[in-house]
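Here is the structure we will look at, set down as C-alpha cells.
Protein chains in written order, with the working numbering: chain A, 472 to 822; chain B, -1 to 342.
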C-alpha cells in the first residue's frame, strides 16, 4: 500500500477517480455513451478529445521543468502555429497544391524554430528561463497577428477544410483522432526517456546542473532539446486547437494555456524545481483539469462562480499531494484512533 | 566558440527586430499630416490663439482597444476608412487590450491638442482622471461602442448599440422560430462585460412575455468560438433531445455551437434553431449554407456617425448623449443576397 501511495501516479489518479465518482453521483448522463454517425458520443469522449492540446503541452512542459526550466511561451506558439496553418489552408500564404501537408509542415516548423529560440536564450546565453520565454510569450501573439494581418482567419470555405478539421475533431475507429495523436506522441516520448539515457540525464540536470556538467553531461545541448520538444508540442497543440474551430483566433487561441500546462505538471506531482519527473502523471494532470472543466459545464455551475469552484478543487488536490498536509490531517486521525484503541484495551467503555 | 556567440547575438537581435515589426502596424499610426505638426510644435502653439479658421481641418484622436474580433477589425476599418474619405486628420492608437496604453494615448492626444478624442474603453472603470484632464483641456470625448463608468459631464457623447434592445430582438426572433414554445440554451459572453450582461437581461426580460419558452441552461463561452463549442458540447449531453434553440451573445460562439450540434448528429437551424448577435461575415456564410437562422446586427461601421458627431462638436453644436447606431435584423432567407454586401 505504501509503495502504491508513494508512486507519482497515485495522487493524480485518485483526484481523477474522485472527480469521476462525483460525476457518477451528481451529474446526469455523464457516463452515457452513444454511437452517432459511426463514432462514440458522450461527455467522456469530449474530455478525451478536448484534453488533447493540453496533454501535448503538458508533455513538453514536463521535460522543460525537469531540467529546472520553464516555458511560458507555449500559448503564443499555439497562436503562431494556428495562424500559419490556417493561412496556408485558406490560401492566404503561398499557393500549394496540397495545402494540408504544407500547412502541417510549416506550422510544426514554426514551433521548432520558436523552441530553438527559447533554447538558445536559456542554454547558451544563460537568461533565466521565465524571462527568456517571456520574450516570446509577449512577442508571439504580435507575430501571429502579423501573419493573419490582424484578422481571425476562418477556413470554412477552403478546399481542404474537412481534412484539416479531421485532425482536431475527427474520429478514427469511433474515437477522437486527437486522442491517437496524444497516445502516439506519449509513447514516442516515453520510449525516448525510458530506453535511452535521456530521461536520466534530464533528472540529473534538474537536480544539480553544475555536477551534471562536471560528470560530462552536455547540459546546454539537453536543455536546448527540451525547449525544442516543448515548442514542437505547442505547435501541434496549435494545429489541434485551430482545426477544432476551423479557424485561427490569434488573440484567444491558447490564451493562458501555459498556466494550465504548468498546473497539469504540478497536479501530476512533479516538482517545479526540476529533478525527478513523470510524463504520464502530467498527462493525468491534464485529464484532471479537462475533466473539471467539463464537469463544471455539465453540472450547470453559474458562470460567475466557475473560477472559484475550479480554484477550490485545484487547491484541494494540491493540498492532498503535500505530505505535510496529509500528516496534519490523517496524523491526528491516527492519533485519535490509537488512543481509542489504547482505551479499549484498558477496558474503558466508549459510548 | 566566438562564432557561436556571434550567431547567438545576431539571431537574438534578429528576433527582437521581428518582435518590434510585430508591433509596428498596431502601434500609433498617424495620418500623413501629423508629421508636419510634430515638427513645429512651438510654432503651432504661438499661432494657436490667432488661427483656427472655420474650415480648419478636423483633427481627431482615436484610442482603439486593439485587435480582438472580426467585429472590432470592422470598426477599426470603418474609422480609418471614413477618416480618409472625409479628409480628417486622424491620429489612431492601438492599445493592445491594455487600459494603461489607452490612457497614455489619450494623454498624447491632449498634448497634441486634437479637436475631439474618441475612445472605445477596454474596461468600464478607472477613467475619471484622464477624462477630467481632457475636459480641462477643452477637448470633448466621444465614447465608442463601450461605456465608461464616469459622471455624465465628463464625456460629450456615446455612440453605440443598445445591447438590451439586441437581446429583446433576439428573443422575439427565437419565439417566432420556435412558434412561441420551446427550451433554449444560452451562450453568454465574458462574465462582467456590459455586452453580455445587457444581452442576457434583454433576452430574459422579453422571454417573460412567452410563458411556454424557457432557458434550460446558461453558461459563458467568453465570446470565443472554441469555448462556445466546448460549452455547447456539454449542453447537448446534459439535455439530450431537449434543446430547441441556442441563443449566443455573439456570432463566433454560435459558429462554435454549430460545429458541436453537427458532431451530435443533429441539423443546426433545423433540429436546433440558432440565433446570435453581431452580424459578422462568418454567420452570413453559415446562414447561406442553412446552418444558422438569425443574426441581430450590432453594427461596427460606426465611422460615419463618429466623425459626424466629432464635426458637430467642433462646430459647437450640441449632440445627443447617446447616439444609437443604425442596426438591422438578418434572417436565413435573405442571407444569400446579403452576403456579398457584408464588409466584415
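C-beta atoms are modelled at their ideal positions from N, C-alpha and C, and glycine is treated no differently.
Computed from a prediction, not measured in an experiment: that's the story for all the values here.
Boundaries cannot be given for residue 221 of chain B, as no alpha helix (DSSP H) includes it and DSSP labels it neither H nor E. Among the CB atoms of chain A, one or more fall inside 7 Å of the CB of residue 186 of chain B.
Going by beta carbons, residue 757 of chain A and residue 525 of chain A fall inside the 7 Å limit.
Around the CB of residue 308 of chain B, 16 or more other CB atoms lie within 10 Å, so the residue is classed as buried. Counting of Cβ neighbours within 10 angstroms places residue 667 of chain A among the exposed residues, the total staying below 16. Closest option to residue 713 of chain A, judged by alpha-carbon separation, among A:523, A:697 and A:566: A:523. DSSP, read as helix, strand or coil, puts residue 510 of chain A in strand. Shown here for residue 140 of chain B: same chain residues with a beta carbon closer than 8 Å to its own, the five before and five after excluded, namely 114, 115, 116, 117, 153, 154, 155, 156, 157, 304, 307, 308 and 311 in chain order.
Around the C-beta of residue 565 of chain A, fewer than 16 other C-beta atoms lie within 10 Å, and the residue is accordingly described as exposed.
Residue 161 of chain B sits in a helix when the DSSP states are folded into three classes.
Residue-level contact by beta carbon fails for residue 219 of chain B and chain A, as no gap is shorter than 7 Å. Residue environment: residue 801 of chain A is assigned as exposed (fewer than 16 neighbouring CB atoms within 10 Å of its CB, all protein chains considered).
Under the Cβ criterion (8 Å, minimum of three pairs), the stretch 225 to 240 of chain B does not count as touching the stretch 682 to 699 of chain A. Segment contact: the stretch 249 to 262 of chain B against the stretch 742 to 757 of chain A, fewer than three CB-CB distances shorter than 8 Å; contact not assigned. Distances from the CA of residue 90 of chain B to each of B:78, B:176 and B:244 were compared; the closest alpha carbon is that of B:78. Neighbourhood of residue 238 of chain B in chain A, by CB distance below 9 Å: 500, 503 and 505, in chain order. Per DSSP, residue 593 of chain A lies in no alpha helix (DSSP H) and is assigned neither H nor E. If you check the CB distance, residue 537 of chain A and residue 615 of chain A do not come in under 7 Å. Secondary structure at residue 130 of chain B: helix, using DSSP grouped into helix, strand and coil. Counting only Cβ-Cβ distances below 7 Å, residue 718 of chain A has contacts in chain B at 223, in chain order. Proximity to residue 167 of chain B across B:341, B:332, B:196 and B:320 peaks at B:196, based on C-alpha coordinates. The C-alpha of residue 218 of chain B lies about 4 Å from the C-alpha of residue 186 of chain B. The residue from A:589, A:531, A:547 and A:689 with its alpha-carbon nearest to that of residue 656 of chain A is A:531. Taking the Cα positions, residue 488 of chain A is about 15 Å away from residue 519 of chain A. The contact set of residue 227 of chain B on chain A, defined by CB atoms closer than 8 Å, consists of 715 and 716 in chain order. Partner residues in a beta bridge of residue 617 of chain A, as assigned by DSSP, do not exist.
At a cut-off of 7 Å between beta-carbon atoms, residue 622 of chain A makes contact with chain B. Under DSSP, residue 60 of chain B forms a beta bridge with B:90 and B:116. Taking all protein chains in view, the Cβ of residue 173 of chain B is crowded by 16 or more other Cβ atoms within 10 Å, so the residue is classified as buried. Close to residue 189 of chain B, with beta-carbon spacing below 9 Å, are these residues of chain A in chain order: 774, 775, 777 and 778.
Shown here for residue 718 of chain A: same chain residues with a beta carbon closer than 7 Å to its own, the five before and five after excluded, namely 557, 623, 624, 625 and 626 in chain order. Any Cβ of chain B closer than 7 Å to the Cβ of residue 582 of chain A would place that residue at the interface, and such an atom is absent. In this structure residue 227 of chain B does not touch residue 286 of chain B by the C-beta definition: roughly 21 Å separates them, more than the 8 Å allowed.
When DSSP states are grouped into helix, strand and coil, residue 501 of chain A belongs to the coil group.
Residue pairing of residue 266 of chain B in beta bridges, as defined by DSSP: B:270.
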